[in-house]
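Everything below concerns the one structure shown next.
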Amino acid sequence: MALLSTDSPLPLHGRGAVVTRHPATIRRVAQALGAVGIGVNHALSTDQMQKASVGQLRVVVLDLDVDPDADPLALVRQVSEFYPGVPVVVCAGVHAKKRLLATLPSPVVRHIVPKLGGWVDVPSEQRSFDGPDEQDLAVALRRAFADEASPLGAQPYLIQGFSTTEAIVGSTEDKERALESVMQLAAALELSDEKKRRIEVATEELLLNAIYDAPRDEAGEATHAKLDRRNPVKLAGDQQVKLRYGCDGRNFVVSVADRYGALDRGSIQRSLSKLLDPQRARPAPGTSGAGLGLMLTYGAANQLIAHAVPGRFTEVTAVMHVSGSNRTALARGSALHLYLDGAL
Amino acid sequence: MVKIEIGPSDNGGLRASVVGKIDENFEGQEVLKQARPGQRVTLRLDGVRSISSLGVRALEHFMQQLGDREVVLEDISAAVANQVTMIPNLLGRATVTSAKLPFVCPSCGVEEARSIPYVRDAATTHAPACSGCGAKMDFDGFSEEYLPHA
Ligand SMILES: [Zn+2]
Chain A
1 MALLSTDSPL PLHGRGAVVT RHPATIRRVA QALGAVGIGV NHALSTDQMQ KASVGQLRVV
61 VLDLDVDPDA DPLALVRQVS EFYPGVPVVV CAGVHAKKRL LATLPSPVVR HIVPKLGGWV
121 DVPSEQRSFD GPDEQDLAVA LRRAFADEAS PLGAQPYLIQ GFSTTEAIVG STEDKERALE
181 SVMQLAAALE LSDEKKRRIE VATEELLLNA IYDAPRDEAG EATHAKLDRR NPVKLAGDQQ
241 VKLRYGCDGR NFVVSVADRY GALDRGSIQR SLSKLLDPQR ARPAPGTSGA GLGLMLTYGA
301 ANQLIAHAVP GRFTEVTAVM HVSGSNRTAL ARGSALHLYL DGAL
Chain B
1001 MVKIEIGPSD NGGLRASVVG KIDENFEGQE VLKQARPGQR VTLRLDGVRS ISSLGVRALE
1061 HFMQQLGDRE VVLEDISAAV ANQVTMIPNL LGRATVTSAK LPFVCPSCGV EEARSIPYVR
1121 DAATTHAPAC SGCGAKMDFD GFSEEYLPHA
């Protein structure tokens, strides 16, 4: 039996456990971890996970396809009991949407990453997928390890140093203007109708959520949530919302930050679970319909990033893949990255 | 904002074409005012470029107000088709006959929205011929995201 050797000539910032038996996933995840200076402890199954010394392990990447018939939450539980307190990245290709979203109730799950090509539930004979996008995963982990406590805007998801545009939104009218300027950029880039639609949906819903759902009074009660969204609103100076967006030819990124930090895992989970039970996705007249906007944004985006520090800010960023065809973008699915409660 | 153009259809029904984004301001009053009780209503929806979360509710409400009339939807756009896969009861009891969806020509690269029957697998079984070179076009999407699949 070979000994697990962890010697490395490179300066590493800790190690990550990677549980997968899918070669493309091993390669892509190892590249992502390598890019952020994390060495890989590989296991072919949850039974083969290796103990790590306290504090050495920074992250666990769990491929749910190690057992496609197992309950995804049970797999996560197995991993989190073995590596207590270590944040988990889940990835999957088999029934990816359903099985990945099923892990959201577990607070250790911070990143949900579909394998490329595994998102749309095609019949098994047509199924073929690669590993998760290593570049996107590296960016997500870099943000997690940097432990930033301020909004980052669109920049992390664009080529380093690429410019972004900023707008302050303080009213319904501002929202319309901001949406128009985002769509002017999309039109100038001659993106296809479906790509433009996804950008429009994500931008509008993120802005609506920030204007109507986010504002809180001193007691923490939502002040605008019950307003009929057909009525225009005007936000006070300290309630205003910041929109930042840009496109580097690969990603079209839209990021919206408010100053409340009220978004939590429970509301994200409730909203996204509607995708698994569409009969429940029925909004009440004039209101947001409890998270329908976030669900639509997630459905439109290839990555949805939620970062919140209670009482300080919530920033939600949607990344739409725009290079290649509509089909290519759809096949990438929707990753979810959570940076909530100041935890990784 | 949407624009609605209304005219008669050849079978004594009412025909309306909806163009633009369906959002919180969508009411469809023009259609509701002109449609007589029991009159068949045909809606052409290929001009709907997007539906917001508030538009989802507004559209659902509009469909309910059409009551027990026979409602036929023609050429629903990719925006409508995609939303229906996420919110199946969005269109109430209406019958969808066709969808106008994105296709790409593998031979000359032309991209076009083309109308195909709104039935399972129609993107392959009814793949259109390219208007430029005549080659059979590829669907620029996945059936599961735009067409019925049950
Ligand atoms: Zn052609």
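If you read the sequences in order, they're chains A and B. In terms of our numbering, the first sequence opens at residue 1 and continues consecutively. In terms of our numbering, the second sequence opens at residue 1001 and continues consecutively. Every residue gets a Cβ at the ideal spot worked out from N, C-alpha and C, and that includes glycine.
Judged by the Cβ position, alanine 1113 of chain B fails to qualify as a neighbour of ligand 1 at the 7 Å threshold, every heavy atom of the ligand being at least this far. Residues of chain A with a Cβ closer than 8 Å to the Cβ of proline 1102 of chain B are, in chain order, Ser192, Asp193, Glu194 and Asn326.
In the same chain as phenylalanine 1062 of chain B, and ignoring 5 residues on each side of it, the C-beta atoms closer than 6 Å to its own belong to Gly1028, in chain order. Residue contact check for leucine 330 of chain A against chain B: a CB pair falls below 8 Å.
Identification of residues in the region 1128-1149 of chain B having a C-beta nearer than 7 Å to some C-beta of chain A yields Asp1140, Gly1141, Phe1142, Glu1144 and Glu1145, given in sequence order.
Residue pairing by DSSP puts threonine 314 of chain A in a beta bridge opposite A:Asp258 and A:Ala308. The closest CA to that of histidine 13 of chain A, considering only A:Leu263, A:Arg142 and A:Ala154, is found on A:Arg142. Straight across, the Cα-Cα distance linking methionine 49 of chain A with leucine 62 of chain A is about 11 Å.
The beta carbon of proline 1106 of chain B lies closer than 7 Å to those of Ala1135 and Asp1138 in the same chain, with the five residues before and after it left out. Between the alpha carbons of aspartate 130 of chain A and alanine 300 of chain A lies a gap of roughly 21 Å. Listed by position along chain B, the residues whose Cβ is nearer than 7 Å to that of glutamate 200 of chain A are Ser1050. Applying a distance threshold of 6 Å between residue Cβ atoms and the heavy atoms of ligand 1 selects B:Cys1105, B:Ser1107, B:Cys1108, B:Val1110, B:Cys1130, B:Gly1132, B:Cys1133 and B:Ala1135, given in chain order. Note: arginine 58 of chain A is not bridge-paired with any residue in the DSSP secondary-structure output.
Runs of the beta strand (DSSP E) spanning 3 or more residues and lying entirely within the region 75-138 of chain A occur at 88-92 and 109-114, in chain order.
Within the region 1013-1043 of chain B, those residues whose Cβ lies closer than 9 Å to any Cβ of chain A are, in chain order, Lys1021, Asp1023, Glu1024 and Asn1025.
Using a CB distance cut-off of 8 Å, glycine 117 of chain A does not count as an interface residue toward chain B. Taking 8 Å as the CB threshold, valine 120 of chain A lines the interface with chain B. Separation of tyrosine 1146 of chain B and alanine 1099 of chain B (C-alpha to C-alpha, rounded to the nearest whole angstrom) is 8 Å.
Residue contact check for valine 1056 of chain B against chain A: a CB pair falls below 8 Å. DSSP places threonine 164 of chain A in the coil class of the three-state scheme, outside both helix and strand.
Per DSSP, leucine 292 of chain A lies in no beta strand (DSSP E) segment; the continuous alpha helix (DSSP H) that holds it begins and ends at 292-300.
Listed along chain A are Ser192, each with a C-beta nearer than 7 Å to that of glutamate 1111 of chain B.
Within chain B, the residues whose beta carbon sits less than 7 Å from that of glutamate 204 of chain A are Ser1052, listed in sequence order.
Annotation: aspartate 217 of chain A to asparagine 326 of chain A spans about 42 Å, alpha carbon to alpha carbon.
The C-beta distance from methionine 295 of chain A to serine 271 of chain A rounds to 5 Å, short enough to meet the 8 Å contact threshold. DSSP places arginine 28 of chain A inside the alpha helix (DSSP H), whose first and last residues are 23-35.
At a Cβ-Cβ threshold of 8 Å, tyrosine 157 of chain A and valine 76 of chain A do not count as neighbours.
Here asparagine 231 of chain A is not bridged, per DSSP, to any residue. Residue-level contact by beta carbon fails for leucine 235 of chain A and chain B, as no gap is shorter than 8 Å. Residue range 1014-1022 is occupied by the beta strand (DSSP E) that includes valine 1019 of chain B, with no alpha helix (DSSP H) assigned at that position. Taking a Cβ-Cβ cut-off of 7 Å, the neighbours of alanine 1079 of chain B in chain A comprise Arg197, given in sequence order. Only residues of its own chain outside the window of five on either side were considered, and among them none has a CB closer than 7 Å to the CB of proline 23 of chain A. Proximity of the region 1041-1051 of chain B to the region 1074-1084 of chain B meets the contact definition, three or more beta-carbon pairs being nearer than 8 Å. Taking a C-beta distance under 8 Å as the contact criterion, valine 89 of chain A and valine 113 of chain A qualify as a contact pair. A contact is defined here as three or more CB-CB pairs under 8 Å, and the region 138-153 of chain A meets this definition with respect to the region 304-316 of chain A. Here the C-alpha atom of glutamate 176 of chain A lies approximately 38 Å from the C-alpha atom of valine 108 of chain A.
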